[in-house]
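Undergrad:
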Amino acid sequence: MKFKAGEIVTLKHYSIDNNNRGIVSETFSEGVIIKPEKDFLIYSFFDSDPVVIGYENENIINLCESTVSFIDYKENSFTLTINNIQSIKNKRITQRFPVSLCAYIINDNAQIFSYIRNISLDGLSLCSKQEFKKGDVFSINTRMANIDLNFKARIVWKNVSKVGFEYGLEFYSANPEFSDTLERCIELLRLDQELAVNRLKYDFEPIKRIIQRRVIMN
35 MKFKAGEIVT LKHYSIDNNN RGIVSETFSE GVIIKPEKDF LIYSFFDSDP VVIGYENENI
95 INLCESTVSF IDYKENSFTL TINNIQSIKN KRITQRFPVS LCAYIINDNA QIFSYIRNIS
155 LDGLSLCSKQ EFKKGDVFSI NTRMANIDLN FKARIVWKNV SKVGFEYGLE FYSANPEFSD
215 TLERCIELLR LDQELAVNRL KYDFEPIKRI IQRRVIMN
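This is the structure in structure tokens:
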């Protein structure tokens, strides 16, 4: 991990359609503390939420799968624990693409809120407060790159998380059309992240001045 204090990064969270931006105020071995460009942004974040961080290092765009570990409302900042970092040029990126997606598990006619941390052409990592058993199969509805996705998945592993459970799922009886659609969605998200990070080169100084001015005022 090669974050530097003062660096501007992009932030992707399931509560907001567009990429947001923030400045790295502090780094440590397992994560970073970030002050967002927009003051209200931290009120959309909750403990253990997935956040995708985008940044550039040595002309290579990287995406980080991270989770919220602390929110400091007084300082208008949040701490993110880094779980995984990938180069956007990695040819294997579609095998585990970091995302922050709202999703609903359909089980016994009930819609159970959950969120997706990463997704691939084979399966996904999903977090929920509801407990299920390994081997359970259920339907999932989500929206990715403005495309509705409805599919079935089976639990292959589960872990107890800070606010519930994290599940590793494999797609169940997925047809070729779904796989093609999912691959297109991942590619659209990849392009969106790449564009957002590239834009930082031109917006860096104005954003930095805005955020630093707010820090001084606080």
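Sequential numbering from 35 applies to the sequence shown in this note's numbering. Heads up, the beta-carbon is just placed ideally off N, CA and C, and yes, glycines get one too.
What is the rounded straight-line gap between the Cα of Ser-154 and the Cα of Arg-218?
TA: For this step, residue 154 is matched to residue 120 along the sequence shown. For this step, residue 218 is matched to residue 184 along the sequence shown. Those two C-alpha atoms are separated by around 12 Å.
Undergrad: Could you tell me the distance, in whole angstroms, from the CA atom of Val-85 to the CA atom of Leu-114?
TA: Taking the first residue of the sequence shown as position 1, residue 85 is located at position 51. Taking the first residue of the sequence shown as position 1, residue 114 is located at position 80. Roughly 8 Å separates the two Cα atoms.
Undergrad: Could you pull out every unbroken alpha helix (DSSP H) segment of at least 4 residues lying fully inside the segment 134–196, listed in chain order?
TA: Within the segment 134–196, no complete alpha helix (DSSP H) run reaches 4 residues.
Undergrad: Measuring CA to CA, which of Thr-61, Asn-184, Gly-65 and Lys-46 is closest to Ile-76?
TA: Stepping through the sequence shown from its first residue, residue 76 is reached at position 42. Looking at the Cα atoms, Lys-46 is the closest of the given residues.
Undergrad: Based on Cα-Cα distance, which residue from Ile-116, Glu-99 and Asp-156 lies nearest to Phe-62?
TA: On the sequence shown, position 28 is the one that residue 62 refers to. For the residues Ile-116, Glu-99 and Asp-156, the minimum Cα distance to Phe-62 belongs to Ile-116.
Undergrad: Let me check one thing: in DSSP terms, what residues is Asn-54 bridge-paired to?
TA: In the sequence shown, the residue the question calls residue 54 occupies position 20. Leu-45, per the DSSP bridge assignment.
Undergrad: Take the Cβ of Leu-225 as the centre, count every other Cβ of all protein chains shown within 10 Å, and call the residue buried at 16 or more, exposed below.
TA: Along the sequence shown, one-based indexing puts residue 225 at 191. Exposed.
Undergrad: Are the segment 140–149 and the segment 160–170 touching, with three or more C-beta to C-beta distances below 8 Å?
TA: Enough Cβ pairs lie closer than 8 Å, so yes.
Undergrad: Have a look at Leu-229 and Ile-42 and give me their C-alpha separation to the nearest angstrom.
TA: Here residue 229 refers to the residue found at position 195 of the sequence shown. Here residue 42 refers to the residue found at position 8 of the sequence shown. Their Cα atoms are separated by approximately 14 Å.
Undergrad: Taking all protein chains shown into account, do 16 or more other C-beta atoms lie within 10 angstroms of the C-beta of Val-194, making it buried, or fewer, making it exposed?
TA: Position 160 of the sequence shown, counting from 1, holds the residue named residue 194. Looking at its Cβ environment, which holds fewer than 16 other Cβ atoms inside 10 Å, Val-194 is exposed.
Undergrad: Just curious, the beta strand (DSSP E) that Leu-75 is in, first and last residue?
TA: What you label residue 75 is simply residue 41 of the sequence shown in a count that begins at 1. Note, Leu-75: premise wrong, no beta strand (DSSP E); not H, not E.
Undergrad: Which same chain residues, not among the five before or five after Asn-54, have their C-beta less than 8 Å away from its C-beta?
TA: Numbered from 1 along the sequence shown, position 20 holds the residue referred to as residue 54. Hits under 8 Å: Thr-44, Leu-45, Lys-46, His-47, Pro-70, Glu-71, Lys-72 and Leu-75.
Undergrad: Can you give me the C-alpha to C-alpha distance between Asn-91 and Ile-50, rounded to a whole angstrom?
TA: To locate residue 91, count along the sequence shown from 1; it is residue 57. To locate residue 50, count along the sequence shown from 1; it is residue 16. Using only the alpha carbons, I get a separation of about 25 Å.
Undergrad: Assuming Asn-175 and Ile-140 are in contact, meaning their beta carbons sit under 8 Å apart, how far apart are those beta carbons, in whole angstroms?
TA: Numbered from its first residue, the sequence shown carries residue 175 at position 141. Numbered from its first residue, the sequence shown carries residue 140 at position 106. Confirmed, Cβ separation roughly 7 Å.
Undergrad: Can you check DSSP and say which residues form a bridge with Asn-93?
TA: Looking up residue 93 in the sequence shown gives position 59. Answer is none; Asn-93 lacks a bridge partner.
Undergrad: Report buried or exposed for Val-66, applying the criterion of at least 16 other Cβ atoms within 10 angstroms of its Cβ.
TA: Taking the sequence shown and counting its residues from 1, one reaches residue 66 at position 32. Under this definition Val-66 is a buried residue.
Undergrad: Based on Cα-Cα distance, which residue from Ala-39, Glu-64, Ile-87 and Ser-59 lies nearest to Gln-254?
TA: No information on residue 254 is available, as it lies outside the stretch 35 to 252 that the chain covers here.
Undergrad: Taking the C-alpha atoms as reference points, what is the distance between Trp-191 and Lys-235?
TA: For the purposes of this step, residue 191 is taken as the residue at position 157 of the sequence shown. For the purposes of this step, residue 235 is taken as the residue at position 201 of the sequence shown. If you take the alpha carbons of Trp-191 and Lys-235, they lie about 41 Å apart.
Undergrad: Would you call Asp-81 buried or exposed, if buried means 16 or more other Cβ atoms sit within 10 Å of its Cβ?
TA: For the purposes of this step, residue 81 is identified with residue 47 of the sequence shown, where counting begins at 1. That one is exposed.
Undergrad: Starting from the Cα of Met-178, find the closest Cα among Lys-167, Phe-131 and Phe-199 and give me that residue.
TA: To locate residue 178, count along the sequence shown from 1; it is residue 144. Residue Phe-131 is the option with its Cα nearest to Met-178.
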